[in-house]
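Peer 1: Encoded as structure tokens, here's the structure I'll be asking about.
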Amino acid sequence: MTIVYPFTTNEPVNQQIYRLLRQEIVDCTIRPGTLLSEKEISTRFNVSRQPVREAFIKLSETGLVQILPQRGTFVMKISAKRVADGRFIREAVESAIIRRVALAITPEHLLQLKHNLHRQELAASNKRTKEFLELDDEFHRTFTQIIDCPMAWETIESIKATMDRVRFMSLADVSPPESLIEQHYKIYHALEKHNPDEAENAIHQHLIEMVSTLTTISSRNTDWFEPNE
Numbered sequence: 351m352t353i354v355y356p357f358t359t360n361e362p363v364n365q366q367i368y369r370l371l372r373q374e375i376v377d378c379t380i381r382p383g384t385l386l387s388e389k390e391i392s393t394r395f396n397v398s399r400q401p402v403r404e405a406f407i408k409l410s411e412t413g414l415v416q417i418l419p420q421r422g423t424f425v426m427k428i429s430a431k432r433v434a435d436g437r438f439i440r441e442a443v444e445s446a447i448i449r450r451v452a453l454a455i456t457p458e459h460l461l462q463l464k465h466n467l468h469r470q471e472l473a474a475s476n477k478r479t480k481e482f483l484e485l486d487d488e489f490h491r492t493f494t495q496i497i498d499c500p501m502a503w504e505t506i507e508s509i510k511a512t513m514d515r516v517r518f519m520s521l522a523d524v525s526p527p528e529s530l531i532e533q534h535y536k537i538y539h540a541l542e543k544h545n546p547d548e549a550e551n552a553i554h555q556h557l558i559e560m561v562s563t564l565t566t567i568s569s570r571n572t573d574w575f576e577p578n579e
């Protein structure tokens with residue numbers, strides 16, 4: 351039986367399909383190497399093939415799928431180099447952002463971040479992984495909102511898709527939510543002190559963990575990673 355998805359009217363259907371498929375690729379519901387059928391997915395979402403085709407193109411642009419003419423669309427295996435490069439670029443962008451945030455942040459912004467951190471703790475304690483990851487993104491996105499630079503978050507989001515797959519796989523034991531929340535609090539306290547240097551260092555320590563996480567995760571899931579990287 352076809353499930354009718356509750357698509358909203360304030361966003362194009364292709365964008366909504368993209369986000370749903372992106373989430374399933376990130377949490378490995380759709381595993382690396384899987385062949386995606388345009389026909390099957392259009393049937394699943396009860397839509398024409400055009401929005402599905404457009405969603406595939408966007409997934410390709412973020413490095414999650416590869417579209418091969420005459421062969422089909424495949425979920426890409428995880429590239430360790432792409433993850434490392436994405437982390438490097440993200441840190442460069444977010445370090446610049448957090449320095450500006452440290453100088454611009456207000457008591458209202460700090461309250462907003464503190465509320466987010468409390469929700470992260472609640473999600474972690476109740477093992478709600480998806481909710482925790484959404485709150486993690488919200489925490490970082492708030493920085494770009496504070497300095498009124500939405501393009502910065504668009505840039506980060508476009509390069510972090512492959513990183514997100516490793517991040518999801520690491521939450522069980524390699525890099526559990528509790529340790530990430532502790533790192534978030536270090537960022538928060540640096541911002542509370544309006545200290546750009548401390549805030550930048552906290553962001554660096556937070557994002558550099560991806561390097562050691564990547565090594566552990568790739569050794570456990572060799573079939574899901576590109577070989578010889």
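For the sequence shown, our numbering assigns the number 351 to the initial residue and increments by one for each residue that follows. Heads up, the beta-carbon is just placed ideally off N, CA and C, and yes, glycines get one too.
1) Distance check for Leu453 and Ala446, CA to CA, integer angstroms please.
2) Between the Cα of Ile407 and the Cα atoms of Phe424, Val397, Asn396, which residue gives the shortest distance?
3) What does the alpha-carbon distance come out to for the pair Pro546 and Thr456?
4) By a C-beta neighbour count over all protein chains shown, 10 Å radius and 16 as the cutoff for buried, is Arg381 buried or exposed?
5) Considering Cα atoms alone, identify which of Thr492, Thr479, His544 is closest to Arg517.
6) Just verifying my parser: in three-state terms, what is the DSSP assignment at Phe424?
7) Rounded to whole angstroms, what's the CA-CA distance from Lys477 to Glu361? Just pull it up for me.
8) Taking Cβ to Cβ, would you say Gln470 is nearer than 8 Å to Asp487?
9) Does the distance from the CB of Ile537 to the CB of His556 come in under 8 Å?
10) Find the nearest neighbour of Met519 within the set Gln420, Asn466, Ser568, Leu414, judged by alpha-carbon distance.
11) Where does Phe438 fall in DSSP's three states?
12) Quick check: the Cα distance between Thr379 and Leu409, rounded to an integer number of angstroms?
13) Strictly by DSSP, which residues pair up with Ser417?
14) Excluding the 5 residues preceding and the 5 following Glu441 in the sequence, name in chain order all residues of the same chain whose CB lies nearer than 6 Å to its CB.
15) Measuring alpha carbon to alpha carbon, tell me which residue in Arg432, Thr393, Phe395, Arg394 is nearest Thr412.
16) Give the straight-line distance between the Cα atoms of His490 and Ser429, rounded to the nearest whole angstrom.
17) If you drop the 5 nearest sequence neighbours on each side, which residues of the same chain put their C-beta closer than 6 Å to that of Met560?
18) Sorted by chain position, which residues of the same chain lie with C-beta nearer than 7 Å to Ser482's C-beta, five sequence neighbours on each side aside?
19) Between Gln416 and the rest of its own chain, which residues show a CB-CB distance below 6 Å, the 5 nearest in sequence each way excluded?
20) Strictly by DSSP, which residues pair up with Phe575?
Peer 2: The short version:
1) As a working note, residue 446 is residue 96 in the sequence shown. As a working note, residue 453 is residue 103 in the sequence shown. The C-alpha of Leu453 is placed about 12 Å away from the C-alpha of Ala446.
2) Your numbering for residue 407 matches position 57 in the sequence shown. Per the Cα distances, Phe424.
3) Numbered from 1 along the sequence shown, position 196 holds the residue referred to as residue 546. Numbered from 1 along the sequence shown, position 106 holds the residue referred to as residue 456. Straight-line Cα distance between these residues: approximately 14 Å.
4) As a working note, residue 381 is residue 31 in the sequence shown. Label assigned to Arg381: exposed.
5) For the purposes of this step, residue 517 is identified with residue 167 of the sequence shown, where counting begins at 1. For Arg517, the nearest C-alpha among the options comes from Thr479.
6) Within the sequence shown, the letter at position 74 stands for residue 424. In the structure shown, Phe424 sits in a strand (DSSP, three-state: E or B).
7) Here residue 477 refers to the residue found at position 127 when the sequence shown is read from its first residue. Here residue 361 refers to the residue found at position 11 when the sequence shown is read from its first residue. Rounded to whole angstroms, Lys477 to Glu361 spans 30 Å at the Cα level.
8) Looking up residue 470 in the sequence shown gives position 120. Looking up residue 487 in the sequence shown gives position 137. No. Outside cutoff.
9) Position 187 of the sequence shown holds residue 537. Position 206 of the sequence shown holds residue 556. In contact: Ile537 and His556 (Cβ atoms closer than 8 Å).
10) Start at 1 with the first residue of the sequence shown, and residue 519 comes out as number 169. Taking only the C-alpha atoms, the option nearest Met519 is Ser568.
11) Indexing the sequence shown from 1 puts residue 438 at position 88. Looking at Phe438 - three-state DSSP - the assignment turns out to be helix.
12) Walking along the sequence shown from the start, residue 379 turns up at place 29. Walking along the sequence shown from the start, residue 409 turns up at place 59. Going from the Cα of Thr379 to the Cα of Leu409 covers about 15 Å.
13) Start at 1 with the first residue of the sequence shown, and residue 417 comes out as number 67. Here residue 417 is Ile; the residue named in the question, Ser, does not match the sequence. Paired residue(s): Thr423.
14) As a first step, residue 441 must be located in the sequence shown, where it is residue number 91. Contacts found: Leu557.
15) Taking the sequence shown and counting its residues from 1, the one referred to as residue 412 is at position 62. Out of Arg432, Thr393, Phe395, Arg394, Arg432 has the C-alpha closest to the C-alpha of Thr412.
16) If you number the sequence shown from 1, residue 490 lands on position 140. If you number the sequence shown from 1, residue 429 lands on position 79. Between His490 and Ser429, the C-alpha separation is close to 24 Å.
17) Indexing the sequence shown from 1 puts residue 560 at position 210. Result list for Met560: Arg437, in chain order.
18) Residue 482 sits at position 132 when you count from the first residue of the sequence shown. Position check: residue 482 holds Phe in this sequence, whereas Ser was assumed. These residues qualify, in order along the chain: Gln470, Ala473, Ala474, Pro527.
19) Taking the sequence shown and counting its residues from 1, one reaches residue 416 at position 66. Closer than 6 Å at Cβ, skipping near neighbours: Phe424, Met426.
20) As a position in the sequence shown, residue 575 is number 225, starting the count at 1. Answer by DSSP bridge pairing, in chain order: Ile428.
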